[in-house]
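What follows is a short report on a single structure.
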Amino acid sequence: MLASPHLHVDGTWVAPVDGGTREIRNPADGTVIAKVDEAGSVDVARAVAAARRAFDAGLWSTRPKEERAGLLVRVAELLGAHRNDVARIETLDTGKTLRESYIDIDDVIAVFRYYADLVARETDRLIDTGNPAVISRVVHEPAGVCALIAPWNYPLLQMSWKIAPALAAGATTVVKPSEVTPLSTIALTRLIERAGVPAGVVNLVQGDGAVVGAALTGASDVDLISFTGGASTGVAIARQAAEHVTRVALELGGKNPHIVFADADHDSAVDAVLTGVFLHSGQVCSAGTRLIVHESIADDFVAELARRAAGIRVGPGMDPSSQTGPLVSEEHRAKVEGYVALGIAEGAELVAGGRHPNDPRLASGSYYLPTIFDRCRRDMRIVQEETFGPILTVERFATEAEAIALGNDTSYGLAAGVRTGDPDRGERVVRALRHGTVWLNDFGPYTPAAEWGGFGRSGTGRELGPSGLAEYQESKHIWHNTTPAVGGWFSAGPTTPER
Ligand code: NAD
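Pasting the structure below:
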């Protein structure tokens, strides 16, 4: 599918020195779709050294911001020109529907364009010190060598949220996609190369987290690690980064509440709860996996959800009639099944799904049916832990205060949704929720111009928006005295009485 070799170091596509290869499978049917070269620790060291050399030589960091913006625009144009190929790759690799892959690519194009525009408009910050002889300004400089590590659920999208601002800032990068879904990042790296990025600015290594990822995050020449993935991996990376006092940005998991008040519009609320949790078969960090619904409407609401969930068409992502695809792998499906067994053991009431589809045409893929557990309690593990699959838990509430308390009763804090017909209540509740994104009468959309990230165990730092560019920059204060004169601190006579 994508010709080897697959490592990109110092502007050249190279075979691994001490790595190997991995079979990449299509989760829709288990077939092998690619054999990808993987790095070893020597390959990682070479990639980091190339990024270091490129940074220290100023090959990219010293280019005018208009030139950096121009490269980003060219990448966006190339992605547009290769939209069909890249979407196909993403669907075959992740299992998501082709429609979702097209949405991802259009979002990625928008992100490259957003950062091109933002960096082109960036100015120094002038500070009035009160002294007319002094020009004081804060300038933005690139953070240096950045290790960019992404997960498998939105491979192209999550990596682009990092690469676009890193390149805009003038940083150099070593990019590591998930070993489960490396293909679209290989395609993107080729397009960035075609767009004219200097050698050594974007280096690409493949491989599993424990070997390749850890070699990258432990490298002393890396100045910044930007990681998106699971919370426990984020903790391990933060510990490792502390060794060299490396800057770390962490975008981790979520257990996201979707609160529905009795005065919410019923049909749009049912629709949003379904889409919020079952899109991409629940493999979304911001999936609304925790329905918190007013007790007066709960029975009817859950019955309607269960009826609609049973009608969701699960199937191959390449089939236009599929509404959601398989889970990313057999291993991941086994993890999701473990959570369903746990929910039953904890006493939750299974009202939809809870099994593989019966359709024999889906037998060789890692499919799982949309699953709903009613009568859940906040202390259940199925309510507190990220299952990362198509599982909705339902809790009921009586008062607004109780809804807020339930919505905040999580160690995570990535995203939340609120549905109500009362604007005052809506404002009160969205302000009270401790989550990085809160949707009021909507669920899921985002814009490149608004920050994305989590409170609590969902991470540190922000992607997207101006903060997403600042993540890849250092601030430098330049104090320029335009009329230097003798200060006189030591040349004048004593100013205090002798002791
Ligand atoms: P993961 O943590 O297993 O892996 C993520 C990446 O880290 C992969 O590239 C992996 O190879 C690498 N990695 C693993 N161990 C490593 C180590 N010790 N050192 C360095 N790198 C290492 O996560 P995943 O299963 O690929 O992705 C799912 C998780 O990602 C979920 O928890 C999801 O919520 C989260 N996620 C968060 C966001 C967000 O915006 N906050 C977005 C998408 C996914």
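Residues in the sequence shown are numbered consecutively from -3, following my numbering. Glycine included, C-beta positions come from ideal geometry on N, C-alpha and C. Here the structure is a predicted model, which is why all the values come from computation and not from measurement.
| Asked | Found |
| --- | --- |
| Report yes if the C-beta distance between Ala43 and Val170 is below 7 Å; otherwise report no. | yes |
| Could you check whether the Cβ of Thr87 sits closer than 6 Å to any heavy atom belonging to the ligand ZN? | In the structure on display, the ligand ZN does not appear, and the ligands it does have are the ligand NAD. |
| In whole angstroms, what separates the C-alpha of Leu212 from that of Leu184? | 20 Å |
| Any idea if His473 is buried or exposed, counting beta-carbon neighbours within 10 angstroms, 16 or more meaning buried? | exposed |
| Is Ala41 a contact residue of the ligand NAD, with contact defined as CB to any heavy atom under 6 Å? | no |
| Can you tell me which of Tyr468, Gly205, Pro322 and Val197 puts its alpha carbon nearest to the alpha carbon of Arg48? | Val197 |
| For my contact list, Val324 and Gly26 are in at a C-beta cut-off of 8 Å; report their separation, rounded to the angstrom. | Rounded, the Cβ-Cβ distance is 12 Å, inconsistent with contact. |
| Ordered along the chain, which non-local residues of its own chain (more than five positions away) have a Cβ less than 6 Å from that of Gln236? | Thr213 and Gly214 |
| With a threshold of 8 Å on Cβ separation, who are the neighbours of Gly350 within its own chain once the five nearest residues in sequence on each side are excluded? | Val336, Ile340, Leu365 and Thr367 |
| Let me make sure I understand the geometry here. Which of Gly455, Asp418 and Glu447 has the alpha-carbon closest to that of Phe257? | Asp418 |
| Any idea if His254 is buried or exposed, counting beta-carbon neighbours within 10 angstroms, 16 or more meaning buried? | buried |
| Could you tell me the alpha carbon to alpha carbon distance between Ala232 and Phe297, rounded to whole angstroms? | 41 Å |
| Pick helix, strand or coil for Arg499, following the three-state DSSP scheme. | Because residue 499 is not part of the residues shown, which for the chain are -3 to 495, the question remains open. |
| In the DSSP assignment, the beta strand (DSSP E) including Ala72 goes from what residue to what residue? | It is not in any beta strand (DSSP E) - Ala72 instead sits in the alpha helix (DSSP H) that spans Lys61 to Ala77. |
| Could you give the DSSP three-state label for Glu86: helix, strand or coil? | helix |
| Between which two residues does the alpha helix (DSSP H) harbouring Trp157 extend? | Pro151 to Ala165 |
| Report, in whole angstroms, the separation of the C-beta atoms of Asp14 and Gly36, which I expect to be a contact under 8 Å. | 3 Å |
| Shorter than 6 Å, the distance from the beta carbon of Ile233 to the closest heavy atom of the ligand NAD, or not? | yes |
| Using the rule of at least 16 other Cβ atoms within 10 Å of the residue's Cβ for burial, across every protein chain shown, is Val332 buried or exposed? | buried |
| Tell me whether Gly334, by its Cβ, gets closer than 6 Å to a heavy atom of the ligand NAD. | no |
| With respect to 6 Å, is the separation between the Cβ of Ala210 and the closest non-hydrogen atom of the ligand NAD below this value? | yes |
| With the cut-off set at 7 Å, would you say Phe439 and Gly249 are in Cβ contact? | no |
| Regarding Ile123 and the ligand NAD, is the C-beta to nearest heavy atom distance less than 6 Å? | no |
| State the start and end residues of the unbroken beta strand (DSSP E) segment that holds Lys31. | Val28 to Glu34 |
| Compare the C-alpha of Val141 against each of Glu326, Arg109, Trp148 and Val244 and name the closest. | Val244 |
| Keeping to the same chain, check which residues put their C-beta closer than 6 Å to that of Trp148; ignore five residues upstream and five downstream. | Ser174, Val176, Thr177 and Val324 |
| Under 7 Å, do Leu75 and Ala83 count as touching if we go by C-beta distance? | no |
| For Gly214, verify whether its CB is less than 6 Å away from any heavy atom of the ligand NAD. | no |
| Along the chain, where does the alpha helix (DSSP H) that runs through Thr213 open and close? | Ala210 to Thr213 |
| Fully enclosed by the segment 391 to 426, which alpha helix (DSSP H) runs are 4 residues long or longer? | 396 to 403 |
| Given a threshold of 16 other Cβ atoms within 10 Å of its Cβ, counted over all protein chains shown, does Leu220 qualify as buried or as exposed? | buried |
| Shorter than 6 Å, the distance from the beta carbon of Glu247 to the closest heavy atom of the ligand NAD, or not? | yes |
| Rounded C-beta distance between Val115 and Ala164? I'm assuming under 8 Å. | 4 Å |
| Let me check you understand the geometry: is the CB of Ile145 closer than 6 Å to at least one non-hydrogen atom of the ligand NAD? | yes |
| List, from N- to C-terminal side, the beta strand (DSSP E) runs of 3 residues or more that fit wholly inside the segment 289 to 366. | 345 to 348 |
| With H, G and I counted as helix, E and B as strand and the rest as coil, what does DSSP make of His136? | strand |
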